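Visitor:
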Amino acid sequence: MKNTARPYMSSFLLLVGALLLSVAVGSVFIPPITLFRLFINGVAPAARPLAEDTATLSTILFSLRLPRTALVAMTGAALAGSGTAYQGLFRNPLADPYLIGVASGAGLGAVLAMSANWPYTSLGMLGVPLAAFLGAVLTVAAVYQLARVRRTIPTTNLILAGVAVSSFATAITSFLMINSTGEMRRALVWLLGGSTMTGWQPVVALLPYITLGLGTLVTMGHALNVLQFGDEQAQQLGLPVQRVRVTIILAASLTTAAAVSFSGVIGFVGLIVPHLVRLVWSSDYRHMLPLSMISGAGLLLIADVLARVVMAPQELPVGIITALAGAPFFLWVLRRAKQQHFW
Amino acid sequence: MKRLTFYFVLLTTLSLLLAACSPAAPAAAPTPTTVPTAALLTFTDGLKRTVTLPAPAARIISLAPSNTEILFAIGAAAQVIGRDDFSDYPAEAKDLPDIGGSNGKYDLEKIASLKPDLVIASELNTADQVKALEDLKITVYYLSNPPDLEGMFANLITVGELSGHKAQAATLVDTLRQRVKAVQDKVSGVANRPTIFYELDATDPSKPYTAGPTTFIDQLIQISGGVNIAGSLSTAWPQISLEEILVKNPDMILLGDAAYGNSPAQVKQRAGWTGLKAVKDNNIQVFDDNLVSRPGPRLVDGLEILAKLIHPEVFK
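Order-wise, the sequence lines are chains X and C.
Just so you know, the first sequence maps onto residues 355 to 697 in this note's numbering.
Just so you know, the second sequence maps onto residues 224 to 539 in this note's numbering.
(1) Leaving out five residues on either side along the sequence, give the residues of the same chain with a beta carbon under 7 Å from the beta carbon of Leu-379 (chain C).
(2) Do Val-382 (chain X) and Glu-551 (chain C) have their beta-carbon atoms positioned less than 8 Å apart in this structure?
(3) Compare the Cα-Cα distances from Asn-506 (chain C) to each of C:Ala-494, C:Arg-517, C:Val-515, C:Val-490 and report the closest residue.
(4) Confirm, please, whether the CB-CB distance from Leu-571 (chain X) to Ala-439 (chain X) is below 8 Å.
(5) Check whether the segment 387–399 of chain X and the segment 577–593 of chain X touch, using three or more Cβ-Cβ pairs below 8 Å as the test.
(6) Return the bridge partner residues of Arg-306 (chain C) from the DSSP annotation.
(7) Hey, could you find the ends of the beta strand (DSSP E) Leu-341 (chain C) is sitting in?
(8) Applying a beta-carbon distance threshold of less than 8 Å, which residues of chain C neighbour Val-543 (chain X)?
(9) Express the C-alpha separation of Val-557 (chain X) and Ser-245 (chain C) in angstroms, rounding to a whole number.
(10) May I ask you to list the residues that DSSP assigns as paired with Thr-265 (chain C)?
(11) Can you tell me which of the three DSSP states Asp-524 (chain C) falls into?
(12) Would you say Lys-317 (chain C) and Asp-311 (chain C) are within 8 Å of each other, going by their C-beta atoms?
(13) What do you reckon, are the CB atoms on Ile-304 (chain C) and Ile-343 (chain C) nearer than 8 Å?
(14) Keeping to the same chain, check which residues put their C-beta closer than 6 Å to that of Ser-486 (chain C); ignore five residues upstream and five downstream.
(15) From the beta carbon of Asp-424 (chain C), is the nearest beta carbon of chain X less than 8 Å away?
(16) Does DSSP classify Asn-451 (chain C) as helix, strand or coil?
(17) Tell me the rounded alpha-carbon separation between Ile-446 (chain C) and Asn-368 (chain C).
(18) On the DSSP bridge assignment, give the partners of Glu-422 (chain C) in chain order.
(19) Does DSSP classify Tyr-362 (chain X) as helix, strand or coil?
(20) So that I know if they touch, is there some Cβ in chain X lying closer than 8 Å to that of Ser-310 (chain C)?
(21) Throw me the rounded Cβ distance for the Leu-462 (chain X) and Ala-523 (chain X) pair, which I believe falls under 8 Å.
(22) In its own chain, which residues sit with a C-beta less than 7 Å from the C-beta of Pro-667 (chain X), not counting the 5 before and 5 after it?
(23) Helix or strand or just coil, what does DSSP make of Val-363 (chain C)?
(24) How is the beta strand (DSSP E) around Val-503 (chain X) delimited, first residue to last?
(25) Starting from Gln-508 (chain C), follow the beta strand (DSSP E) in both directions and report where the run begins and ends.
(26) Taking the alpha-carbon positions, what's the Met-642 (chain X) to Ser-649 (chain X) distance?
(27) Consider the Cβ of Glu-373 (chain C): report whether some Cβ of chain X lies at a distance smaller than 8 Å.
(28) Can you list, in chain order, the residues of its chain whose CB lies under 6 Å from that of Val-274 (chain C), leaving out five sequence neighbours each side?
(29) Identify the continuous alpha helix (DSSP H) that holds Lys-389 (chain C) and give its terminal residues.
(30) Name, in chain order, the residues that DSSP records as bridge partners for Tyr-329 (chain C).
(31) Quick one: grab the DSSP three-state call for Arg-690 (chain X).
(32) Find the nearest neighbour of Ser-516 (chain C) within the set C:Leu-443, C:Ala-494, C:Pro-535, C:Val-470, judged by alpha-carbon distance.
(33) Let's see if you can read the secondary structure: which residues bound the alpha helix (DSSP H) around Ile-648 (chain X)?
(34) According to DSSP, simplified to helix, strand and coil, what is Gln-668 (chain X)?
(35) Within the segment 368–398 of chain X, note down every full alpha helix (DSSP H) run reaching 4 residues or more, in order along the chain.
(36) Among residues of its own chain, excluding the 5 on either side of Gln-441 (chain X), which ones have a beta-carbon nearer than 7 Å to its beta-carbon?
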């Protein structure tokens, strides 16, 4: 990478554009001028109160669109960041954030929690996402313990244990759903598109995990670069391989688990964005990690806007868009890339 | 590792606290509620929430087909200003603005822009969705699924109170009760109790979905003087094996899934179904599932049609 500034500029512009688009587009049209006025009013409330019509628009903007935009951006960054870290850690182009069981664990946790009758309180509302989060973290912990050979965790063991535990958890989830006497729909809705919570609460709940997780991952760029030589080489080069590994798994799992607990399992972002960044800009993990996070947020926001408008007033699960639009787009970039061996 | 566990627990606790304390919508300051001169209408809904209305609701959005049907049946049609994707009855309901819902998500922006003074939710909705609407300062009443016909009647009265049509709702309930009683009177004298298989989905004809105990389908078949062969199973919406159907050998098959392309002719061609008594007797009937799957006043229409199908001899 000759010029470091350009990729950052481009991905940042993508993110800003996506943020604006996500705030501007919705089923209710808000003219740009009104949007701008509402913003000014939101930051520094004017002396005179808003007209009633504008008040509704203000609610739509500040209680629906902005928190949703923030949540989607955080989720995109979390998935793309963890995906990059996993691809580097496992030295496997097929690795994605769900490789070692986060998604199936979260699904099991959510479906388990839905069988309980949560009281209608703020904490009760968090029951399902919290259970999804715990399910994800516990599943990864189980996979980790099962794959451990004394003090090391061989990559193959980790991936195989991940696949086995995932299938096991998915089977229990399906069984619970088929056996449920009540409303199976809620579980299906969660598995397709995550929680139906809106407002700032999910954003606030996620913020600490995502900041800590992604913050940790950003610092692992150099370690991931060294790891590309292989574990033994890396060890000889002075890298504490096992510690790096535990840190990355912990940080990536925490981030992904947090994202999944509210947004559900969104496929493809965590797999494709790292490759896009590698193809277009750089394969240096010190840059790949932040670039993936920024463009992951931007791309998921664009997918979410599409999910909102394609069949309005119906909303599609964003996962459909990420795969439907993401796959051809990725193939196009892949064909255009002149490098023979980008991996 | 111990230290990591400690940080993890700390983080979880912290973020939980943060989330629990965070204001729902920081941008919108709580507006002082105007104190109405008239007495407030106070209700307790299906989520044990207290719902207050200053006056009967005049701009209502329905989030479920059953709620829409109830509102139209009790004479509140003019007050309904929006409906979900699935609300297709009565036909006039389809002209109302559609606020989504077909894959579990509702268009909250559109709901807010319609400025409803009441949204009637159902068990199709999650508590999160109720909370989301509440955060938008919209009054929501969560109407639980009734356990039986009497519960459905109670729901009609409740919606009548919410919309200011209590008298009409009470009249409707009286009529419905009489119609149920008429069916009960007619079938009570009949000795035979035909066995029924009610088909919900036969995508896999070797193990179709059916309606088990506690469902309205099961209850209405019983009131109609029939026996649901899935009534003794353990779950409400079970997949029943063809072997079990063959053993129970029902007198009649009701196709609740006719809207998805199943027909008596198609049933006769299914492998393994030809030996069934109902198939040999040609007693396979098409049935409109919407009449028994939506907990609204049309359940009684469904009951009357069921009774006529099961005991045609007393309905001449």
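For each residue, glycine too, the CB sits at the ideal point set by N, CA and C.
Keep in mind it's a predicted model, so treat the numbers as computed, not measured.
Guide: According to the structure data:
(1) Ile-293, Ile-297, Ala-392, Leu-395, Val-396, Pro-520
(2) For chain C, the structure presents residues 224 to 539; residue 551 (chain C) sits outside this window and is missing.
(3) C:Val-490
(4) yes
(5) no
(6) C:Ser-285, C:Asp-321
(7) 341–344
(8) Asn-326, Gly-327, Lys-328, Thr-349
(9) With a pLDDT of 47 at Ser-245 (chain C), under the threshold of 50, the predicted position of this residue should be treated as unreliable, though the coordinate-derived value follows. One C-alpha to the other measures close to 10 Å.
(10) C:Thr-275
(11) helix
(12) yes
(13) no
(14) none
(15) no
(16) strand
(17) 19 Å
(18) C:Thr-433, C:Leu-478
(19) helix
(20) no
(21) 5 Å
(22) Ser-381
(23) strand
(24) Neither: Val-503 (chain X) is in no beta strand (DSSP E) and is coded neither H nor E.
(25) 507–509
(26) 10 Å
(27) no
(28) Phe-266, Asp-268, Tyr-364
(29) 389–411
(30) C:Gly-323
(31) helix
(32) C:Leu-443
(33) 639–663
(34) coil
(35) 386–397
(36) Pro-447, Ala-449, Pro-628
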